[in-house]
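Take a look at the structure set out below.
Right under this line is the structure:
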């Protein structure tokens, strides 16, 4: 009996030291995988570390470290044994249980978000959850026809979505997380995650997420516009249709991007890429009658939501909002007709286009009621910062005339915006000018990063 106790203690200490998440965090190698007969040693180490972690902050930090370890295990299992569905399922199950534990621990810390340690935890959490959601999107594209695994992915992503919805000062933390990433698609991928979050929120709570997603869409649109001007280096457009992730959700974000793009050639290329994704999804069976039906239902629900929002102001709607509503009505009508014909891929595409236009309406209505003086100050500050960067890099108008044309255009737009706001009229022009100016500044920022 004594020897058994000694063995347990030694094994526990060994697993605590060797398989601790703190050790795991230093390496991309996850060590023992969930399908190993020795995996219980790693789990022992985690249990023991939980026992000897006493503060709410420490418990939440440990849960996040374990989540990082489990996501590495899942990635490694996919690389080493890609056809072993049981290993993926087992890994997902363990991840889900830890995510539920993490959520419970975070609830106690939300009111302490201004404390230095807690603030850093939420920064790290935002970065990790965004990355994990993207990995699960990648897995979803591989296993979407396995209903049990898809159900586990739904559960894992729902847990992460609820965690994201509770993070204080969320928008600022998203930008901090983006600054750590080095991917041409980073704004696109995060916008896809925000789209998932938006779906889970009540309509009244969606405005902030919609605005953040709009900012990321404009920033990504600026990258596309910049690459159309300066074609050297890696291009985003050729990789859009084949990049990993949830392709059907990508269609929705591409529709949002098309709404913001000014360059006709870029918009045309996006149309081609969008159709390519639709065709591929239809070919492999990703779009069936049920998914097309749900897309139509979403567009119908958004139509009803907009009707409620505009009930008392129908006669005062701006021209741009009326145009969006007309386009949405046409797209939704097309979607219904195509669905009746059994053309589910095209029906899905028309329904998502209608949804994008309607979400644009909701965004414009939410923006039109705000005081935009702070927006103008932020745009001026961004413009001044970009101008200083151009001077420091010694860019000349002779060498880069298109860059300086953009500076001139942005300066005019900011001045125009200030006058409109000062007059207290013209909400339609304010909204249009805000979007265009942000897109131009995003294009300048991308160009400055690309030019040598």
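In mature numbering (1 follows the signal peptide of the UniProt record, and there is no 0), the protein residues as written are -25 to -1, 1 to 427. Ideal Cβ placement from N, Cα and C applies to all residues, glycine included. No experiment lies behind these values; they were computed from the predicted model shown.
Nearest residue (CA-CA) to residue 144, options 113, 225, 100, 174: Taking only the C-alpha atoms, the option nearest residue 144 is 100.
Cβ pair count under 8 angstroms reaching 3, the stretch 71 to 89 against the stretch 133 to 140: yes
Please state whether DSSP places residue 286 in a helix, a strand or coil. For residue 286, the secondary structure class from DSSP, reduced to helix, strand or coil, is coil.
Residue of 383, 313, 124, 197 minimising C-alpha distance to residue 60: Comparing Cα-Cα distances from residue 60 to each of 383, 313, 124, 197, the minimum goes to 124.
Compute the Euclidean distance between the alpha carbons of residue 215 and residue 180, then round it to the nearest angstrom. 30 angstroms
Where in the stretch 71 to 159 do unbroken runs of the alpha helix (DSSP H), each at least 4 residues long, occur, reported from the N-terminal end onward? The qualifying runs are 91 to 118, 122 to 140, 145 to 154.
Can you tell me the Cα-Cα spacing of residue 236 and residue 196, whole angstroms? 6 angstroms
Limits of the unbroken alpha helix (DSSP H) element including residue 241: Its alpha helix (DSSP H) spans residues 239 to 258.
Taking contact to mean 3 or more Cβ pairs, one atom from each stretch, closer than 8 angstroms, check whether the stretch 231 to 245 and the stretch 274 to 286 are in contact. In short, these stretches do not touch, since the Cβ pair count stays below three.
Endpoints, alpha helix (DSSP H) assigned at residue 398: In the DSSP assignment, residue 398 falls within the alpha helix (DSSP H) that extends over 376 to 398.
Cut-off 6 angstroms between Cβ atoms - residues of its own chain near residue 442, not counting five sequence neighbours on either side: Residue 442 is absent from the structure shown; the chain starts at -25 and stops at 427.
Assign residue 129 to one of two classes, buried (16 or more other C-beta atoms within 10 Å of its C-beta) or exposed (fewer than that). Around the CB of residue 129, fewer than 16 other CB atoms lie within 10 Å, so the residue is classed as exposed.
Rounded C-alpha distance that separates residue 271 from residue 189: 23 angstroms
Let me know if residue 149 comes out buried or exposed under the rule of 16 or more other beta-carbons within 10 Å of its beta-carbon. buried
Near residue -3, which residues of its chain fall below 6 angstroms by C-beta distance, leaving aside the five closest residues on each side in sequence? Caution is warranted here: a pLDDT of 36 is assigned to residue -3, below 50, making its placement in the model unreliable, and no coordinate value can be reported.
Enumerated in chain order, which unbroken segments of the alpha helix (DSSP H) with a length of 4 residues or greater are wholly contained in the stretch 194 to 238? 212 to 215, 222 to 235
Residues in its own chain within less than 7 angstroms of residue 119 by CB, not counting five upstream and five downstream? 125, 261
Are there three or more Cβ pairs, one per stretch, closer than 8 angstroms when the stretch 325 to 338 is compared with the stretch 303 to 314? yes
Residues near residue 347 by beta carbon distance below 8 angstroms, same chain, minus five either side: 392, 396, 405, 409
Just tell me which of 115, 158, 302 has its CA closest to the CA of residue 63. 115
Counting Cβ pairs closer than 8 angstroms, one from the stretch 245 to 256 and one from the stretch 355 to 367, do we hit at least three? no
Limits of the unbroken alpha helix (DSSP H) element including residue 6: Neither: residue 6 is in no alpha helix (DSSP H) and is coded neither H nor E.
Tell me whether residue 220 is buried or exposed, calling it buried when 16 or more other Cβ atoms sit within 10 Å of its Cβ. buried
If you run the structure through DSSP and keep just helix, strand and coil, what is residue 426? coil
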